[in-house]
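Asker:
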Amino acid sequence: MPTSFTVVPVEAQGEERDGQQREEEDERDERDRGTGDGIARESSPFINNAELDRGNMYEGKNMALFEEEMDSNPMVSSLLNKLANYTNLTQGVVEHEADEDSKRKEVKGPRMGTFIGVYLPCLQNILGVILFLRLTWIVGTAGVLESFIIVFMCCACTMLTAISMSAIATNGVVPAGGSYYMISRSLGPEFGGAVGLCFYLGTTFAGAMYILGTIEILLTYISPSAAIFKVEDVGEETEAMLNNMRVYGTCIIILMAIVVFVGVKYVNKLALVFLACVILSIFAIYAGVIKTAFDPPDFPICLLGNRTLSKRSFDVCAKFTESNNETKTTHLWRLFCDSSLLNATCDDYFSLNNVTEIQGIPGIMSGVLTDNLWSAYSEKGSIVEKKDQPSVAGSEESKMGGLPYVFTDIMTYFTMLVGIYFPSVTGIMAGSNRSGDLKDAQKSIPTGTILAISTTSFIYLSCIVLFGACIEGVILRDKFGEAVNGNLVVGTLAWPSPWVIVIGSFFSTCGAGLQSLTGAPRLLQAIARDGIVPFIQIFGHGKANGEPTWALLLTAGICEIGILIASLDSVAPILSMTLSFLGMSLCLALMFICSWYYALIAMLIAGCIYKYIEYRGAEKEWGDGIRGLSLNAARYALLRVEDGPPHTKNWRPQLLVLLNLDNEQLVKHPRLLSFTSQLKAGKGLTIVGSVLQGIYLDRCAETQKAEENVKALMGVEKTKGFCQIVVSPNFRDGISYLIQSAGLGGMKHNTVLMAWPQSWKQTENRFSWKNFVDTVRETTAAQQALLVAKNIDLFPTNQERFTEGNIDVWWIVHDGGMLMLLPFLLRQHKVWRKCKMRIFTVAQMDDNSIQMKKDLQMFLYHLRLNAQVEVVEMFENDISAFTYEKTLMMEQRSQMLKQMQLSKNEREREIQSITDESRGSVRRQSYSSPLSIVQDAQALLTNDYQEEEAQLIHDRNTASHSASAVEASVATAVSEKVQMTWTKEKFVAEKHKNKDSNVSGFKDIFNMKPNQSNVRRMHTAVKLNGVVLNKSQHAQLVLLNMPGPPKNRKGDENYMEFLEVLTEGLDRVLLVRGSGREVITIYS
156 MPTSFTVVPV
166 EAQGEERDGQ
176 QREEEDERDE
186 RDRGTGDGIA
196 RESSPFINNA
206 ELDRGNMYEG
216 KNMALFEEEM
226 DSNPMVSSLL
236 NKLANYTNLT
246 QGVVEHEADE
256 DSKRKEVKGP
266 RMGTFIGVYL
276 PCLQNILGVI
286 LFLRLTWIVG
296 TAGVLESFII
306 VFMCCACTML
316 TAISMSAIAT
326 NGVVPAGGSY
336 YMISRSLGPE
346 FGGAVGLCFY
356 LGTTFAGAMY
366 ILGTIEILLT
376 YISPSAAIFK
386 VEDVGEETEA
396 MLNNMRVYGT
406 CIIILMAIVV
416 FVGVKYVNKL
426 ALVFLACVIL
436 SIFAIYAGVI
446 KTAFDPPDFP
456 ICLLGNRTLS
466 KRSFDVCAKF
476 TESNNETKTT
486 HLWRLFCDSS
496 LLNATCDDYF
506 SLNNVTEIQG
516 IPGIMSGVLT
526 DNLWSAYSEK
536 GSIVEKKDQP
546 SVAGSEESKM
556 GGLPYVFTDI
566 MTYFTMLVGI
576 YFPSVTGIMA
586 GSNRSGDLKD
596 AQKSIPTGTI
606 LAISTTSFIY
616 LSCIVLFGAC
626 IEGVILRDKF
636 GEAVNGNLVV
646 GTLAWPSPWV
656 IVIGSFFSTC
666 GAGLQSLTGA
676 PRLLQAIARD
686 GIVPFIQIFG
696 HGKANGEPTW
706 ALLLTAGICE
716 IGILIASLDS
726 VAPILSMTLS
736 FLGMSLCLAL
746 MFICSWYYAL
756 IAMLIAGCIY
766 KYIEYRGAEK
776 EWGDGIRGLS
786 LNAARYALLR
796 VEDGPPHTKN
806 WRPQLLVLLN
816 LDNEQLVKHP
826 RLLSFTSQLK
836 AGKGLTIVGS
846 VLQGIYLDRC
856 AETQKAEENV
866 KALMGVEKTK
876 GFCQIVVSPN
886 FRDGISYLIQ
896 SAGLGGMKHN
906 TVLMAWPQSW
916 KQTENRFSWK
926 NFVDTVRETT
936 AAQQALLVAK
946 NIDLFPTNQE
956 RFTEGNIDVW
966 WIVHDGGMLM
976 LLPFLLRQHK
986 VWRKCKMRIF
996 TVAQMDDNSI
1006 QMKKDLQMFL
1016 YHLRLNAQVE
1026 VVEMFENDIS
1036 AFTYEKTLMM
1046 EQRSQMLKQM
1056 QLSKNERERE
1066 IQSITDESRG
1076 SVRRQSYSSP
1086 LSIVQDAQAL
1096 LTNDYQEEEA
1106 QLIHDRNTAS
1116 HSASAVEASV
1126 ATAVSEKVQM
1136 TWTKEKFVAE
1146 KHKNKDSNVS
1156 GFKDIFNMKP
1166 NQSNVRRMHT
1176 AVKLNGVVLN
1186 KSQHAQLVLL
1196 NMPGPPKNRK
1206 GDENYMEFLE
1216 VLTEGLDRVL
1226 LVRGSGREVI
1236 TIYS
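So this is what it looks like as C-alpha cells:
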C-alpha cells in the first residue's frame, strides 16, 4: 500500500462533505454563538461541553506544553524574584535550598555601598596601632631602604591576597560570613575549617594587639600618672609597663565584651567617628612634614657622646650650669657621679665625653635622609647611639647599671621586623566580613578592598620616606620616646598639635579592638553552625536574636591570653603567622579555582621542563613507577568521587554522545562531535557511544571497525574522551544499556547529547521516533540532562568562525540552569567567542514584565554572565483556526497511519485465506464462468476503491494499485485453473462486510474533533514558535527548553509533532532538558 497521503485543510473538507454534515455543523455553530452577537468564536466547532465548561477548558493554554512538569520545573516568571533577591543570612551546609523562603522575609535589605561598607572599614583596620606606634621605630632600625622593602613586600602580599579574595567574591553571591564563607565554599570543609579557625585566632589576637596598643598610648602619652605599678628602680620600666598592661587590659577587655554583648549597633555607629580621627591624624602628619621644610619644630634630644639619654630622669641637658658666676652641677651630673661636687667620682664614659643637644626633627630639608638610609640592628639591652657622632670609649662597666641611657628592649633583625609590621596590613578582611550588609558584595568587595590597599600602601610607603627625611635616627629607634620625655614622635611631627595624633591613635586602636571583638565571635559562630568541627558546635548557639553569646565568651578568653602576654611585639608575630597562612590559602584558592592565567615563574619553568622531558622521552618505556602511581591516583580519585553527587558549583556537563552509524560503520553526523569539542573544550568527561544491532559474536569485527572509525573521527574533531560501542539485539535496548552503564564509578556522564531524528515521519523508519521518545524518558528517569541538536548538519565545524551573531536562550521553565551554563561554555570556544548572548523569557498576563527584566538582569549579574535580557509578553488569547487545523491534521495523520497499517494487514490475510481455500476446494460446475467472476470482482473493487479515494483523502494511485493487486491475485488463481467456490452474491456480500469494517474507521477521521489537551499543546507550540521566529530567526544558535513527553504513551507521535512545530523555521536549535537538579548557583 502506498505510504504517501494528503491531508485536505478544514475549508476543503467542508466542500467534500455531504449536505447533511454541513447542516449539522451550521447548527452547532449557531449553538456556540450563544448570544447571537454575530461574532463567531473560533473554538466553538471543537467544544463538546456545555457553556459552563468553556471558561476553564483552555485555561493556561499558553504554556500547556510544559504543564505536566510544572511541579518540578516551575515557570521562570514565578522563580525569577526568588533567584534575584538572595538571602544575606549565613549559609550552612544546606545553603539556600532549605528554609530560605521563611528566612528571607526576616532579612532587611542591604544598604551599604563600596565607600562606607568596604573602603572605610579597611582603612580603619589597616591604619592603626603600627602606623602610630611602631612605624618610626621600624624605619629607624631597618633604615629607609629596608623598611621600604618590608612595607612593599607586605603590601604586595596583601594586594595578591585581595586579588585572590576578589576573584572568589566575584565568582558568585557572597552572603554573610565573609572570608570564612568564601574559603570554605571554595576549598571545601576540611581546608575551610582549618583556615577559618586560624583566621578566627588571628582576629582574636588582633583584638588583643589593639587593646595593648590602646593601653600603651594611654599610659605612655596621655596619662603616665595613671600607672598602677610605679618604677622604683632604674631598669624596671619594662616590667612595670607589662604589669600595667595586664591589669588595664583585663579591665578593658571586660568592658569591651559587655559593650559588644549589649550594644553592637553602637560599635558600628562609633566606627565612623573613630575613622574620622584616623584620617584627621594622617592629614596632620603630612601637614607637619610640609611645615618642617620652613619651620622645623623645637624638639631637642640629649646625647652623651654618641649615646642617647632618657630625659625622664633629668630636665637640663648639661653636666653643670653657670649661675651668677657660680658653677653648679645638674641633676644629670648626680646620675653619673657619686655626689654633686665638681671633684666627685663619675662614670668613666661620662667623664670622657661631652653632653650635647641636637634637634630630634631637623626637617625635610636637613639632609638627614642619607643618615637614615641604612639599617641599625642591635642586640637586646644595647644603647641607642647616633652614627658619626664623636665619642670616646670608656670601660665596659660604664655601659652597665642604672644609668639614664635609652636601651633597646628586644633584639632586632629583618625578619622580626616583618613579623611586627605585617599585622598592620591585614585589615583587608574588614570589608569582606561585612558582606551581609553590602548592597552589591560582588562589586564592592573587589573595588573597595583594592582601593583601600592602594591608598594605605601609598600612605605607608610615603611615611617611610618622610619619617626618614625629617626625624633624627636616634629618635626613630627610641621605641617609647624616652629621649623626649615620653612624647609620641609622630605626634611631635604632626601639625597643629601632638594631641591630634595621640587622640587619633587612641581612638583608632580602641575602635579596631571593638571591631575585632565584634567580628571574631561571629566568625566562630559561622564555623560552629556549619558543623565541620564537632567539639565547637556549642559555640554556634546564642541569644534569640542570633548574637553569639558563647562564642563571645571564648573570644574574650583567648584575647585575655594575648593580654597576659602583655608585649605588643610578642603578640604581633602570632597574628602575622595566622594571617600569613590565610593569605597563602586565598592565593591557592585563586590558582586552583579561578584558573588564573599567570602562575609563579618557577612553577612555569618546572612545568615546561617536565612536559618537554615527557614529550621527548615518550618513546622510552622504562617501566617507571609514575605509571603505577597514576593508576593508584586514578583509583583513589574515583573512590573519592563516588562518595556522593557533585555540588552545584562543581557540576559540569559530562557528556554521553549518541552517534548513528551507517552500513559502512561510518558516523552519519560528524558535526555532532564538532559540537561536543566546542562545548567541552577538552575538559571533563566525554563518552562517545553507538549501538550496532545484532549478536556480538556475529558482529565482533564490525564492532572493532566502528570503534576505529569513531576514534579516528574523534581525533580529527579534537574530541578528547572515550569510545564505547554496544552490540544489542535491537537499537532501543542498546541505547538503554549505554545510558545505564557508561562510565566508571563516579566518572559517569550526567548529560546525553544526540541528534534530532530527521526521518521520524517516514514509515520505513517508523520506530525512530519511538526510540527517541523512550530515550527522553530514560534520561529523565536516570536524572540526566538531555541535549538534542536539531539540524545538526548545519552546525559549524571547528574550523569555522562566527564573526558576529547571537546565541539566543529562550528560558521558559526553570530546569536547573542548564540554559544559562551551556552558552557560557560555548563562548569559551573560538568558534562561538564573538557571538553575543541574548536571554529571552516569557511573561504571562499576570506577570510584571518590567520587574521580571530587572530580576533577570540581577540574576545574570550574580552569575557574572554578560547577556542582553528581553522579556517577551505572550498574553492569553483565543486559539486560532490555524492551531485547530494543525492539531486536527496531526491527529488525522496519526489515526490514518494506524488504520492504514490495520487495513494493509487485514487485506493480506484476506487474500491469503482466499488462496488457501481455493487450492483446497473441490472442482465444481459454476453458474458463471471464471472470467465473468473476475471481471465482476474487478469492477466492484475498482468502484469501491475509487469511493475510498474520495473518502480517505488518499493518493489517487491507491485505487488503481489496490485493484491491480486484487486482479493479479485472482488472475493467478484462474491461470492455475483453481475453481472458485464463491458466487457473485457471496463475493459482493463479503466485500461490503470488509468495506464497512475497514472504511468506517477512515470515515470517523473526518467526523473526529481534536483532543482538547492536544489543542492547548499545539497552541503553545505555535505561539512560542511565532515568538521565537520573530526574535531569533537569524540567530547563530537557539537554545530552547525541551518539554517532556506525555505521561500517556499513546500520544508519543503527537509529542514529536509538537517539537517539530515548536522549532519550525529555525536553522540551528539545541533543545535542552535539565536533569532535575540545580547546575548553577549564584553563591560564591
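One gets our numbering by counting positions in the sequence shown from 1 and adding 155 to each.
Just so you know, even glycine gets a beta-carbon here, dropped at the ideal spot from N, CA and C.
#1: Select from Met320, Ala219, Leu356 and Leu828 the residue whose C-alpha is nearest the C-alpha of Met869.
#2: Can you confirm whether the region 1007-1027 touches the region 842-849 when touching is taken to mean that 3 or more C-beta pairs between the two stretches lie within less than 8 Å?
#3: Can you tell me where the beta strand (DSSP E) with Thr476 in it begins and where it stops?
#4: Around the Cβ of Phe476, are there at least 16 other Cβ atoms within 10 angstroms (buried) or fewer (exposed)?
#5: Report all residues from its chain with a CB closer than 8 Å to the CB of Ala649; omit the five preceding and five following residues, and keep chain order.
#6: Can you confirm whether the region 316-331 touches the region 686-702 when touching is taken to mean that 3 or more C-beta pairs between the two stretches lie within less than 8 Å?
#7: Is it the case that the Cβ atoms of Val547 and Gly668 are separated by a distance below 8 Å?
#8: Within a Cβ cutoff of 6 Å, which residues of the same chain sit near Ile748, ignoring the five residues on either side of it in sequence?
#9: Can you round the beta-carbon distance between Thr393 and Asp633 to whole angstroms, since I take them to be within the 8 Å contact cut?
#10: Roughly how many angstroms lie between the CA atoms of Glu627 and Cys277, to the nearest whole one?
#11: Assuming Pro559 and Ser663 make a contact with CB atoms under 8 Å, what is their CB distance in whole Å?
#12: Determine the DSSP secondary structure at Gly272, reduced to helix, strand or coil.
#13: Under three-state DSSP, which class holds Thr484?
#14: Starting from Gly972 and walking both ways along the alpha helix (DSSP H), at which residues does that stretch end?
#15: Alpha carbon to alpha carbon, what distance is there between Leu980 and Ser896?
#16: Relative to the alpha-carbon of Asn1209, which residue among Phe995, Lys916 and Val907 has its alpha-carbon at the smallest distance?
#17: Have a look at Phe491, Gly518 and Ser521 and flag the residue whose alpha-carbon is nearest the alpha-carbon of Leu507.
#18: Determine the closest residue to Leu1214 out of Asn398, Pro951, Ala944 and Asn961, with distance taken between C-alpha atoms.
#19: Could you pull the start and end residues of the alpha helix (DSSP H) that Asn399 belongs to?
#20: Quick one, are the C-beta atoms of Leu813 and Val907 less than 8 Å apart?
#21: According to DSSP, is Gly864 part of a helix, a strand, or is it coil?
#22: Just verifying my parser: in three-state terms, what is the DSSP assignment at Asp963?
#23: With respect to the beta strand (DSSP E) encompassing Gly368, which residues constitute its N-terminal and C-terminal limits?
#24: Determine whether the beta carbon atoms of Pro451 and Glu512 lie at a separation below 8 Å.
#25: State the Cα-Cα distance for the pair Leu1221 and Ser232, rounded to the nearest angstrom.
#26: Going by C-alpha distance, which of Ala322, Asn1196, Gly351 and Arg956 is nearest Ser599?
#27: Mind checking which residues open and close the beta strand (DSSP E) that includes Leu1226?
#28: When the Cα atoms are used, what is the spatial distance from Ala426 to Cys618?
#29: Note down, one range per segment and in chain order, each alpha helix (DSSP H) of at least 4 residues found wholly within the region 568-601.
#30: Alpha carbon to alpha carbon, how far is Val1024 from Val968?
#31: If we ignore side chains and look at the alpha-carbon of each, how far apart do Lys424 and Gly515 end up?
#32: Find the nearest neighbour of Cys878 within the set Asn885, Asp853 and His904, judged by alpha-carbon distance.
#33: Have a look at Ala382 and Asn399 and give me their C-alpha separation to the nearest angstrom.
#34: Once DSSP output is grouped into helix, strand and coil, what is the label at Asn787?
#35: Helix, strand or coil for Val1234? Go by DSSP, reduced to three states.
#36: If Asn815 and Lys804 are in contact, beta carbons under 8 Å, what's the gap, nearest whole angstrom?
Answerer: Put simply:
#1: As a position in the sequence shown, residue 869 is number 714, starting the count at 1. The shortest C-alpha separation from Met869 is found at Leu828.
#2: no
#3: On the sequence shown, position 321 is the one that residue 476 refers to. For Thr476, the enclosing beta strand (DSSP E) begins and ends at Phe475 to Glu477.
#4: Your numbering for residue 476 matches position 321 in the sequence shown. At residue 476 the sequence reads Thr, which differs from the Phe that was named. So Thr476 ends up on the exposed side.
#5: Reading the sequence shown from its first residue, position 494 is the one you call residue 649. Here the set comprises Ser436, Ala439, Ile440, Ala442, Gly443, Val655 and Ile656.
#6: no
#7: The residue given as residue 547 occupies position 392 in the sequence shown. The residue given as residue 668 occupies position 513 in the sequence shown. No, Cβ-Cβ distance for Val547 and Gly668 is not below 8 Å.
#8: One-based indexing of the sequence shown puts residue 748 at position 593. Since pLDDT at Ile748 reaches only 45, below the 50 mark, its modelled position is unreliable, and the value read off the structure follows with that caveat. So the list reads Ser341, once near-sequence residues are dropped.
#9: For this step, residue 393 is matched to residue 238 along the sequence shown. For this step, residue 633 is matched to residue 478 along the sequence shown. Thr393 to Asp633, Cβ: 14 Å. No contact.
#10: Position 472 of the sequence shown, counted from the first residue, corresponds to residue 627. Position 122 of the sequence shown, counted from the first residue, corresponds to residue 277. The alpha-carbon atoms of Glu627 and Cys277 are separated by roughly 31 Å.
#11: Sequence index remark: in the sequence shown, residue 559 carries index 404 (1-based). Sequence index remark: in the sequence shown, residue 663 carries index 508 (1-based). The Cβ separation is near 32 Å, so there is no contact.
#12: Taking the sequence shown and counting its residues from 1, one reaches residue 272 at position 117. Helix.
#13: Counting from one through the sequence shown, the residue named residue 484 turns up at place 329. The three-state secondary structure of Thr484, taken from DSSP, is strand.
#14: The count along the sequence shown starts at 1 and reaches residue 972 at position 817. Where Gly972 is concerned, there is no enclosing alpha helix (DSSP H), given that its DSSP letter is neither H nor E.
#15: Counting from 1 along the sequence shown, the entry for residue 896 is found at position 741. Counting from 1 along the sequence shown, the entry for residue 980 is found at position 825. C-alpha separation (whole angstroms): 26 Å.
#16: What you label residue 1209 is simply residue 1054 of the sequence shown in a count that begins at 1. The option with the nearest alpha carbon to Asn1209 is Lys916.
#17: To locate residue 507, count along the sequence shown from 1; it is residue 352. Closest by alpha carbon: Phe491.
#18: As a working note, residue 1214 is residue 1059 in the sequence shown. Minimum Cα distance to Leu1214 is reached at Ala944.
#19: Here the question's residue 399 lines up with position 244 in the sequence shown. Run containing Asn399: Glu392 to Val417, per the alpha helix (DSSP H) assignment.
#20: Along the sequence shown, one-based indexing puts residue 813 at 658. Along the sequence shown, one-based indexing puts residue 907 at 752. In contact: Leu813 and Val907 (Cβ atoms closer than 8 Å).
#21: Here residue 864 corresponds to residue number 709 of the sequence shown, with the count starting at 1. One detail in the question is off: residue 864 reads as Asn in this sequence, not Gly. In the structure shown, Asn864 sits in a helix (DSSP, three-state: H, G or I).
#22: Mapped onto the sequence shown, residue 963 falls at position 808. DSSP places Asp963 in strand when its eight states are reduced to three.
#23: Locating residue 368 in the sequence shown gives position 213, counting from the first residue. Taken as a continuous stretch (DSSP letters only), Gly368 belongs to no beta strand (DSSP E), being part of the alpha helix (DSSP H) at Pro344 to Ile372.
#24: Residue mapping note: residue 451 aligns to position 296 of the sequence shown, counting from 1. Residue mapping note: residue 512 aligns to position 357 of the sequence shown, counting from 1. Between Pro451 and Glu512, the CB-CB gap reaches or exceeds 8 Å.
#25: Here residue 1221 refers to the residue found at position 1066 of the sequence shown. Here residue 232 refers to the residue found at position 77 of the sequence shown. Approximately 25 Å, taken between the alpha carbons.
#26: Indexing the sequence shown from 1 puts residue 599 at position 444. The shortest Cα separation from Ser599 among Ala322, Asn1196, Gly351 and Arg956 belongs to Ala322.
#27: Within the sequence shown, numbered from 1, the residue matching residue 1226 stands at position 1071. Taken as a continuous stretch (DSSP letters only), the beta strand (DSSP E) holding Leu1226 covers Val1224 to Arg1228.
#28: By one-based count along the sequence shown, residue 426 stands at place 271. By one-based count along the sequence shown, residue 618 stands at place 463. Using only the alpha carbons, I get a separation of about 24 Å.
#29: 569-576 and 584-587
#30: As a position in the sequence shown, residue 1024 is number 869, starting the count at 1. As a position in the sequence shown, residue 968 is number 813, starting the count at 1. In a straight line, the C-alpha of Val1024 is about 16 Å away from that of Val968.
#31: In the sequence shown, residue 424 corresponds to position 269, counting from 1. In the sequence shown, residue 515 corresponds to position 360, counting from 1. Distance between the alpha carbons of Lys424 and Gly515: 39 Å.
#32: Position 723 of the sequence shown, counted from the start, is the residue given in the question as residue 878. It is His904 whose Cα lies nearest to the Cα of Cys878.
#33: Position 227 of the sequence shown, counting from 1, holds the residue named residue 382. Position 244 of the sequence shown, counting from 1, holds the residue named residue 399. When rounded, the distance between both Cα atoms is 6 Å.
#34: As a working mapping, residue 787 is identified with position 632 in the sequence shown. In this structure, Asn787 counts as helix in the three-state DSSP scheme.
#35: Sequence index remark: in the sequence shown, residue 1234 carries index 1079 (1-based). Val1234: coil per DSSP, three-state reduction.
#36: Within the sequence shown, the letter at position 660 stands for residue 815. Within the sequence shown, the letter at position 649 stands for residue 804. About 35 Å; that fails the 8 Å criterion.
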